[in-house]
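Beneath this line is the structure, given in structure tokens, with notes to follow.
2 protein chains.
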Amino acid sequence: MTDPDPAWERELLLQLTQYREYSTRGMLDAVPRREPRRYLYDPLSEHLSRIGKSIRPALCIATCQAHGGDPARAVNSASALEMLHNAFLVHDDIEDDSEYRRGLPTMHAQHGIALAVNAGDMMNALSVRMLRQNVPTLGPELSARILEEFDHMLIESLEGQAMELGWIRDNRVDILDDDYLRMALKKTCWYSFIHPCRIGALIAGVAPGNLERFHRFGFYLGLAFQIQDDLLNLSGDRSKYGKEIGGDLLEGKRTLMLIHLLRNLRGGDRQRLMDFLARPRPGREQGEVEWILEMMKALGGLDYGRAASRHFAEAALFEFEQAFAYAGDSEHKTFIHRIIRYMITRDQ
Amino acid sequence: MTDPDPAWERELLLQLTQYREYSTRGMLDAVPRREPRRYLYDPLSEHLSRIGKSIRPALCIATCQAHGGDPARAVNSASALEMLHNAFLVHDDIEDDSEYRRGLPTMHAQHGIALAVNAGDMMNALSVRMLRQNVPTLGPELSARILEEFDHMLIESLEGQAMELGWIRDNRVDILDDDYLRMALKKTCWYSFIHPCRIGALIAGVAPGNLERFHRFGFYLGLAFQIQDDLLNLSGDRSKYGKEIGGDLLEGKRTLMLIHLLRNLRGGDRQRLMDFLARPRPGREQGEVEWILEMMKALGGLDYGRAASRHFAEAALFEFEQAFAYAGDSEHKTFIHRIIRYMITRDQ
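In order, the protein sequence lines correspond to chains A and B. Using the numbering used here, you'd call the opening residue of the first sequence number 6 and step up by one each time. Using the numbering used here, you'd call the opening residue of the second sequence number 6 and step up by one each time.
Written out as structure tokens, the structure is:
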């Protein structure tokens with residue numbers, strides 16, 4: 006990370022922008038143009054217009070193209086992926102009581118919990134509607150397959166989310182690294198990495214029996230992404246990251262770094278952390294959050310997280326060769342290769 | 006309502022119980038038997054086991070049978086309807102901050118908002134999964150049609166919900182009877198009455214072009230149901246109704262009766278109501294709720310609501326003849342006919 010903005014990263018961001026244009030348009034086109042605007046479609050469209058990284062649709066379209074598929078056939082499913090991702094974000098922000106998203110107030114901070122729960126439900130409904138619209142282009146069989154991919158993705162993500170939320174609610178201090186990895190596979194890896202690749206490949210004509218090659222790749226890549234995301238939440242630059250820094254600590258989120266700290270703190274310091282976690286969120290103070298961050302630094306927790314993220318990115322690089330063995334060299338394959346490096350160098 | 010428990014109503018409740026057995030089993034069978042149980046599937050199954058009226062699946066199966074269809078072919082879609090209804094209930098209770106549902110604490114009162122939002126999302130996902138499972142029995146074409154019915158149902162319901170929630174959030178006092186009827190059509194009638202009939206008929210082999218006959222019937226029946234539901238919320242018996250009495254007033258819900266009161270109160274009394282509605286919910290007191298109820302009684306608002314509910318039930322009785330003109334006499338047709346009367350006599 007000596008060069009803050011190397012050429013490969015500039016090119017990657019440019020490619021991401023191009024993919025994003027497709028998926029943002031696809032999402033906005035799917036929003037009905039009718040009433041009720043003020044209480045539903047206007048806040049929803051505003052949220053969808055906020056610029057995210059759009060890694061999921063990009064990965065889907067790039068995987069399709071890398072396998073010789075027509076990107077035009079993948080755009081609708083890629084946009085549905087991003088629509089579903091937005092539905093998750095709106096509900097996640099309510100569940101975590103987060104204040105900021107993509108640099109602006111979260112949907113429920115702006116419009117209240119009631120309208121935000123409902124708007125998230127609508128994004129969810131629209132993503133299913135978008136998938137139904139695959140039929141004229143992709144035919145009934147492939148469309149049904151993609152619906153099946155979404156089904157698995159949804160169930161896994163909601164199960165992972167339940168684990169994370171339950172650990173916080175019951176203030177579990179017995180969570181191990183392995184539990185975290187299993188939770189992250191469910192919460193993040195399936196819907197963000199594995200299924201976007203699987204769906205892109207399916208649309209390019211790869212046989213359903215040949216899709217497991219993406220599993221380990223997407224698992225490792227997703228872990229690198231999630232751990233880096235958790236690190237940015239601890240010590241990132243809010244203007245770039247777009248969420249409140251330290252928010253995960255205020256929420257009591259069981260990240261790899263918090264699990265490391267729970268394992269390594271002793272005596273009164275450990276008790277102090279336990280007391281912090283036992284308090285309801287409004288009783289957790291900013292000063293305590295800074296102390297926890299200091300302890301993570303002092304006991305090597307941040308370094309542990311960084312090493313883990315790098316380790317999983319390297320594993321993803323290795324698996325990349327297997328996963329994309331049948332894709333010839335192309336700018337799309339290069340793009341996916343760059344995504345792996347970006348997972349651990351990104352600052353937003 | 007001189008006879009509190011007439012023979013036709015006893016028979017109807019018995020028939021409802023029989024239909025409910027199918028749909029409850031269908032829903033519970035659709036819940037994955039795996040982890041995470043404690044934070045997801047256990048609370049979800051507990052909620053699904055609570056005994057509701059199950060009018061939606063009953064209407065779907067009965068309409069199928071009334072048109073000569075095989076009920077076994079309708080059970081899965083009927084169960085998916087009830088699963089979706091439960092997803093709505095869990096999220097509605099969060100949106101309205103309701104305390105009781107079917108006589109027990111609401112999901113978020115019991116498990117917190119975070120896990121409840123997530124469990125509602127899972128019920129939603131499971132309802133889509135159930136619809137996918139229609140394919141082996143009903144074939145791809147009819148299954149896709151039913152998915153389309155669900156799509157329209159979801160979008161309409163979420164739009165109606167947005168209207169109602171937005172009116173409360175912005176403390177709108179300019180809502181007219183017509184606005185209420187339009188909102189109720191969207192929020193309640195499509196998913197509770199029109200689509201259950203349409204889907205049942207589709208499965209029995211009624212041509213898609215012949216489904217509009219259920220629209221006016223379901224609209225009037227849904228209005229009779231919703232207004233009666235709002236009346237029970239004002240003055241029902243909590244042990245039967247299963248929700249907190251007067252909860253809608255604490256929420257500021259724009260019912261036909263509240264709209265009537267806003268239209269008929271004058272001077273200081275009107276100001277007192279406006280002040281009540283302008284306060285955030287925790288500032289609204291039980292004494293004020295009782296005063297509002299007294300005013301509704303005194304100015305004829307409750308009678309206005311009762312007359313409207315009866316009027317729409319009569320309109321539904323009239324439309325019933327058109328809607329079910331192609332269904333010969335059968336116990337299933339009789340059941341649906343009884344449902345109409347039940348809409349205005351029910352006390353739960």
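The beta-carbon is built from N, C-alpha and C at its ideal position, and this holds for glycine as well.
Could you tell me the distance, in whole angstroms, from the CA atom of residue i to the CA atom of residue j?
i       : j       : result
T159(B) : L89(A)  : Correcting the residue identity first, residue 159(B) is Leu in this sequence and not Thr. If you take the alpha carbons of L159(B) and L89(A), they lie about 15 Å apart.
Q70(B)  : A209(B) : 7 Å
E146(B) : E161(B) : 23 Å
D352(A) : L298(A) : 18 Å
A119(A) : A121(B) : 13 Å
H52(B)  : G165(A) : 20 Å
V211(B) : I66(B)  : 14 Å
S132(A) : L152(A) : 10 Å
A149(A) : P48(A)  : 31 Å
G171(A) : G333(A) : 44 Å
R218(B) : A313(B) : 22 Å
G257(A) : E169(A) : 10 Å
M301(A) : R346(A) : 25 Å
D183(B) : R275(B) : 21 Å
R271(A) : I173(A) : 21 Å
S54(A)  : L109(A) : 12 Å
T339(A) : R25(A)  : 17 Å
Using a C-beta cutoff of 8 Å, does residue i count as contacting chain B?
i       : result
M112(A) : no
V122(A) : yes
L304(A) : no
L186(A) : no
D179(A) : no
P145(A) : yes
Give me the residue from the options with the minimum Cα distance to residue i.
i       : options                            : result
F93(A)  : C69(B), L109(B), A130(B), A63(B)   : A130(B)
I199(B) : D10(B), R38(B), A63(B)             : A63(B)
D234(B) : Q23(B), L261(B), L255(B), G223(B)  : L261(B)
A303(A) : N238(A), L266(A), A332(A), Q327(A) : L266(A)
Y331(A) : E154(A), R187(A), N215(A)          : N215(A)
L186(B) : L18(B), R259(B), F325(B)           : R259(B)
L17(B)  : P41(B), S59(B), N238(B), Y196(B)   : S59(B)
H220(B) : P201(B), L237(B), I232(B)          : P201(B)
A83(A)  : L19(A), N176(A), R203(A)           : R203(A)
G31(A)  : L136(A), W195(A), R271(A)          : L136(A)
Y44(B)  : R15(B), L109(B), Q115(B)           : Q115(B)
S28(B)  : R311(B), N81(B), D182(B)           : N81(B)
M348(A) : R243(A), G247(A), L237(A), R277(A) : L237(A)
M127(A) : E290(A), R42(A), A12(A), G273(A)   : R42(A)
L254(A) : R286(A), R315(A), Q231(A)          : R286(A)
D175(B) : A283(B), H72(B), A206(B), M112(B)  : A283(B)
W195(B) : A206(B), R177(B), G223(B), G205(B) : G223(B)
L33(A)  : S50(A), Q20(A), E40(A), T22(A)     : S50(A)
G57(A)  : R39(A), I180(A), G247(A)           : G247(A)
Can you find a CB in chain A that lies within less than 8 Å of the CB of residue i?
i       : result
Q166(B) : yes
V36(B)  : no
I118(B) : yes
M6(B)   : Confidence at M6(B) is low in this model, with a pLDDT of 44, below 50, so the placement of that residue should be treated as unreliable; the coordinate-derived value is given next. So, not an interface residue.
D182(B) : no
D235(B) : no
E249(B) : no
F340(B) : no
R174(B) : yes
G171(B) : yes
M127(B) : yes
P213(B) : no
Which two residues bound the contiguous alpha helix (DSSP H) that contains residue i?
i       : result
Q291(B) : 291 to 303
Q353(B) : It is not in any alpha helix (DSSP H) - Q353(B) carries neither H nor E in the DSSP assignment.
D184(B) : 182 to 189
V178(B) : Counting along the chain, V178(B) falls outside any alpha helix (DSSP H), and DSSP gives it neither H nor E.
A130(B) : 118 to 137
G273(B) : 272 to 283
I208(A) : 200 to 209
W195(B) : Per DSSP, W195(B) belongs to no alpha helix (DSSP H) and is neither H nor E.
- Taking a Cβ distance cut-off of 7 Å, strictly less, list which residues of the segment 89 to 101 of chain A are near chain B, in chain order. H96, I99, E100
- May I ask you to list, following chain order, the residues of the segment 129 to 141 of chain A that have a beta carbon less than 7 Å from some beta carbon of chain B? N129, A130, V133, R134, R137
- Query: Which of the residues in the segment 147 to 162 of chain A, read from start to end, lie with their CB under 8 Å from any CB of chain B?
  - Reply: A149, L152, E153, D156, L159, I160
- Message: If the cut-off is 8 Å on Cβ atoms, which residues from the segment 24 to 49 of chain B count as contacting chain A, listed in chain order?
- Response: P37, E40, P41, R43, Y44, L45
- Going along the chain, which residues of the segment 274 to 297 of chain A sit with their C-beta nearer than 7 Å to a C-beta in chain B? none
- Task: Scan the segment 71 to 88 of chain A for residues whose Cβ lies nearer than 7 Å to a Cβ of chain B and list them as they occur along the chain.
- Result: none
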